[in-house]
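What follows is a set of notes on a single structure, which appears directly below.
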DNA sequence: CAGCGCATAATTTGATCATATTACTGGTTG
DNA sequence: CAACCAGTAATATGATCAAATTATGCGCTG
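Protein chains in written order, with this note's numbering: chain A, 93 to 328; chain B, 93 to 328.
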């Protein structure tokens with residue numbers, strides 16, 4: 093077990109709060125760290141998130157933490173639990189169905205545009221990420237699998253040159269990140285098929301429609317796993 | 093000119109900050125007020141938003157304002173202007189195209205679900221809102237037009253029972269609200285066709301596909317106006 | 001002598017923290 | 001079982017520091 097008490101030592105290196113460095117604002121740093129925590133399942137669904145807890149973990153004041161949490165709430169990564177309390181939301185089966193629809197529609201469109209704009213260098217980079225992903229699967233490295241899988245999609249979003257659609261798609265990851273981790277933790281990395289090769293091949297060939305189709309299937313297959321796990325939990 | 097100095101007196105009634113009332117948290121109140129300001133075009137695209145300005149207008153401390161602003165930034169309603177400054181974003185034509193795609197896909201789906209779940213009471217309420225909308229058009233009351241138009245769609249979202257899709261669709265309004273106001277301000281309320289009657293009729297008849305189609309056209313027609321205005325501005 | 005530009009000063013605004021106040025939770029007691 | 005009581009955490013303010021923009025003035029050039 094990694095984080096025992098609460099959000100724990102995962103939040104290792106501090107942003108050196110008080111003396112504003114020459115770099116990023118603290119609220120931004122906090123946001124990014126929490127984002128990764130959620131994205132890669134370091135925070136479990138249902139887990140409470142306390143402002144003061146985060147403050148201590150990262151050695152920052154309440155204000156930046158507060159801002160980061162509001163931001164994550166707005167993105168659906170966290171949720172106000174009724175009165176004042178904030179938790180990592182637990183997805184319902186219905187929620188997953190919504191996510192399937194949204195992801196499938198938006199990501200297909202993004203891949204379509206990405207295919208039309210892709211440069212050779214970009215495709216190469218994408219293939220690299222996918223290779224790293226396959227390697228993580230080989231090694232059974234769950235955390236790395238989740239990360240590379242996300243990077244693969246996120247890089248595609250960036251390639252599409254459609255900032256609004258990209259931010260929508262990106263935001264959806266925050267919603268199912270924690271649940272995805274749970275599912276993959278059970279199934280192991282081996283049993284997680286993806287359509288990345290198919291998508292890549294189609295993109296290399298400039299076949300935007302085929303690439304979109306592959307991505308659609310990739311999304312649906314992945315989210316199906318989550319849905320299945322969730323409906324089993326519901327019975328248990 | 094309305095807001096001369098900055099965000100101005102539009103932010104009229106204060107939330108009675110210091111003595112924490114028995115009600116809503118200040119950051120929530122601030123968020124909602126700013127939200128309406130953006131949604132109904134009280135803040136123009138490109139207009140800078142200063143934290144301290146808002147603080148004075150609403151007589152609250154910086155922290156709640158800060159939180160509201162972060163939240164709105166996360167939703168795309170506001171944008172970090174490079175270094176620390178925050179502005180109401182100006183849409184590009186490309187942005188509008190993205191919005192058209194996203195709205196059309198998501199809202200059609202929401203209407204589909206709403207039609208299947210609609211109760212008579214809900215349909216009646218929807219018709220009421222639409223009547224208020226028509227009246228606003230008659231009177232040439234732009235502000236009211238924008239508000240009722242939003243309410244119509246928002247109520248539909250709520251009917252669909254799909255919270256994630258609803259929050260996505262809802263969030264998109266914040267992105268084009270300011271620009272929509274500009275466009276409607278030029279065209280006048282008369283020249284703004286909508287497909288609400290068609291959608292309502294289809295919903296009453298339980299024809300989900302037809303309702304979705306009407307909504308799709310409504311969205312596209314409305315956003316086309318914005319796109320057209322924007323591409324004219326680009327030339328001028 | 002007028003106009004331009006750069007450098008520095010002043011003001012505005014943002015970021016962060018520490019602290020006081022208020023609300024919620026959970027457990028205990030009458 | 002209801003109501004109280006303490007502990008814990010969230011809300012909100014104001015002060016302080018840092019950064020960025022705007023204003024100012026001096027010197028230089030044409």
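C-beta: ideal position from N, C-alpha, C; glycine also.
7 Å CB neighbourhood of residue 177(B) in its chain, flanking five on each side removed:
So the qualifying residues of the chain are 140.
Would you say residue 283(A) lies against chain B (beta-carbon separation less than 8 Å)?
Interface with chain B (8 Å Cβ-Cβ cutoff): residue 283(A) is excluded.
If you measure between the beta carbons of residue 202(A) and residue 254(A), is that distance less than 8 Å?
yes
At a cut of 8 Å, does the region 127-136 of chain A reach the region 260-267 of chain A through at least three beta carbon pairs?
yes
So which of 155(B), 240(B), 244(B) and 120(B) has the shortest CA-CA distance to residue 228(B)?
240(B)
With a 10 Å radius around its C-beta and 16 neighbouring C-beta atoms as the bar for buried, classify residue 168(B) as buried or exposed.
buried
Cβ of residue 309(B) less than 8 Å from any chain A Cβ?
Residue 309(B) does not count as touching chain A.
Using a Cβ cut-off of 8 Å (strictly closer), state whether residue 217(A) contacts chain B.
no
Could you give the distance in angstroms between the alpha-carbon of residue 119(B) and the alpha-carbon of residue 221(B)?
29 Å
Give the residues of chain B in contact with residue 128(A), contact being defined as C-beta atoms less than 9 Å apart.
Ordered by position in chain B, no residue passes the 9 Å Cβ test against residue 128(A), which lies about 16 Å from the chain.
Does residue 185(B) pass the burial test, meaning 16 or more other C-beta atoms within 10 Å, or should it be called exposed?
That one is exposed.
Contacts of residue 323(B) in chain A (Cβ-Cβ under 8 Å):
By Cβ distance, chain A contributes nothing, its closest Cβ being about 17 Å from residue 323(B), past 8 Å.
Could you check where the alpha helix (DSSP H) with residue 173(B) kicks off and where it finishes?
Segment 171-173 is the beta strand (DSSP E) holding residue 173(B); no alpha helix (DSSP H) there.
What would DSSP say about residue 156(A), mapped onto helix, strand or coil?
helix
Contact the region 276-287 of chain B vs the region 209-225 of chain A: 3+ CB pairs below 8 Å
no
Thinking C-alpha only, which one of 147(A), 192(A) and 171(A) is nearest residue 320(A)?
192(A)
For residue 329(A), which residues of its own chain have a beta-carbon under 8 Å away from its beta-carbon, when the five flanking residues on both sides are left out?
Residue 329(A) is absent from the model: chain A starts at 93 and stops at 328.
From this set, 190(A), 299(A), 282(A) and 257(A), which residue's C-alpha is nearest residue 195(B)'s C-alpha?
257(A)
Within 8 Å of chain A by C-beta, residues of the region 195-224 of chain B in sequence order
197, 198 and 201
Could you pull the start and end residues of the beta strand (DSSP E) that residue 177(B) belongs to?
177-179
In its own chain, which residues sit with a C-beta less than 7 Å from the C-beta of residue 251(B), not counting the 5 before and 5 after it?
206, 209, 210 and 214
For residue 234(B), which residues in the same chain have their Cβ closer than 7 Å to its Cβ, ignoring the five residues on either side in sequence?
276, 277 and 281
Let me see if you follow: with CB-CB separation under 8 Å, is residue 244(A) close to chain B or not?
no
One question on the structure: do residue 312(B) and residue 260(B) come within less than 8 Å of each other, judged by their Cβ atoms?
no
Give every residue of the same chain whose Cβ lies closer than 7 Å to the Cβ of residue 249(A), excluding the five residues on either side of it in the sequence, and list them in chain order.
Excluding sequence neighbours, residue 249(A) sits near 202, 258, 261 and 262.
Who are the Cβ neighbours of residue 291(B) in its own chain at under 6 Å, not counting the five residues just before and after it?
303, 306 and 307
Between the region 159-170 of chain B and chain A, which residues of the former have CB atoms less than 9 Å from a CB of the latter, in chain order?
159, 160, 161, 162, 163, 164, 165, 166, 167 and 168
Beta-bridge partners of residue 141(B), as assigned by DSSP:
178(B)
Any C-beta of chain A under 8 Å from that of residue 241(B):
It does not: the Cβ of residue 241(B) has no partner Cβ on chain A nearer than 8 Å.
In three-state DSSP terms, what is residue 135(A)?
Residue 135(A) falls in the coil class under three-state DSSP.
List, in order along the chain, the chain B residues whose C-beta lies closer than 9 Å to that of residue 267(A)?
What residue 267(A) touches in chain B: 256.
Whole angstroms is fine: what's the gap from residue 165(B)'s alpha carbon to residue 171(A)'s?
17 Å
Against residue 155(B), what residues of chain A qualify as contacts under a CB-to-CB distance less than 8 Å, listed in chain order?
155 and 158
What residues in the region 176-192 of chain B bring their beta carbon closer than 7 Å to a beta carbon of chain A?
187, 190 and 191
Could you confirm whether any beta carbon from chain B is found closer than 8 Å to the beta carbon of residue 259(A)?
yes
CB-CB under 8 Å to residue 232(A), same chain, minus the five flanking residues each way: which ones, in chain order?
280, 281 and 282
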